[in-house]
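In what follows, a structure is listed as structure tokens, so that the remarks can point back to it.
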Amino acid sequence: MTTYQEQRGQIETYFDRTAVQAWARLTSDAPVGRIRATVRAGRDRMRAQLLAWLPADLRGARLLDAGCGTGALAVEAARRGAHVLAIDLSPTLVALARERTPAIKGGGHIDFRSGDMLDASLGSFDYVVGMDSLIHYQAPDAVRVLAGLAQRTSTAMLFTFAPSNPALEVFKAVGKLFPRGDRSPAIVPVAEKKLRRLLAADADLQAWTAARTQRVSSGFYTSQALELVRK
Ligand SMILES: C[S@@+](CC[C@H](N)C(=O)[O-])C[C@H]1O[C@@H](n2cnc3c(N)ncnc32)[C@H](O)[C@@H]1O
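Written out as structure tokens, the structure reads:
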């Protein structure tokens, strides 16, 4: 089993080098192929879902965009008035996010950083949002990340996971027979039940409870949002 540190290294290499061009394109308006168009549409829906769970008025709220990529969610939160700290392992994506950020009116702003979302020196937050940034970690590691962030979060943590289902398990088993060429870090699907069990059992998450959940499926994109709130 890959540890958090090992997986984090692979993710950084992938998003900072291997996939940086593809990711820049996927997150832009540039035309993409049919398969990636389904992923883009799914990601747009997921971002809208997560934003819909946040208050419409975020003036004065501190929000961590954990694994911000090219920054689309951070921009929307800042437009609602949030003070956003947007962090990603990939300095290249963070530079691109900075470049793409329009002028924000209405008091919100974004502080972009490259580094680990678990860095305690980032301070504390009212909200944490991690869209598709924990899907490459083993479920116990993802839960430990949430437990770490929970110590510094006052209101809610919204994140996504890759929901496991029997069809996907078969697909994964078949996939193991073939070497993966692009060295992309594998997405680690987890059954919702198992994830909820791990969250409920974590000593540092006893003050938290799982609330709303929503799956988004669009062609080659499937991801599920889960909201954790203080009890
Ligand atoms: C699939 S991308 C999603 C990016 C963005 N949230 C979005 O939805 O457009 C996952 C991102 O999470 C970042 N990431 C993964 N683990 C991280 C960590 N421990 N600290 C900071 N960023 C991380 C990766 O570098 C990558 O850019």
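In the numbering used here, the protein residues as written are 1 to 231.
Quick reminder that beta carbons are idealized off the backbone N, C-alpha and C, glycines included.
All figures in this text were calculated on a predicted structure; none of them were measured in a lab.
- For Thr101 against Val20, the beta-carbon gap comes to about 18 Å, at or over 8 Å, which does not count as contact.
- In the DSSP assignment, Ile35 falls within the alpha helix (DSSP H) that extends over 34-52.
- Residue range 83-88 is occupied by the beta strand (DSSP E) that includes Leu85.
- Counting C-beta pairs closer than 8 Å gives fewer than three between the stretch 101-112 and the stretch 123-135, which falls short of the contact rule.
- The three-state reading of DSSP puts Arg62 in strand, counting E and B together.
- For Gln138, no beta strand (DSSP E) run applies, since DSSP gives it neither H nor E.
- For the 8 Å CB-CB criterion, Gly81 and Leu58 form a contact.
- The nearest non-hydrogen atom of ligand 1 is 7 Å or more from the C-beta of Arg25.
- Just so you know, the alpha carbons of Thr38 and Ser217 end up roughly 9 Å apart.
- It is roughly 11 Å from the alpha-carbon of Thr2 to the alpha-carbon of Pro185.
- Taking 8 Å as the cut-off, the beta carbon of Met46 is found no closer than this to the beta carbon of Thr213.
- The straight-line gap separating the alpha-carbon atoms of Ile104 and Val84 is approximately 11 Å.
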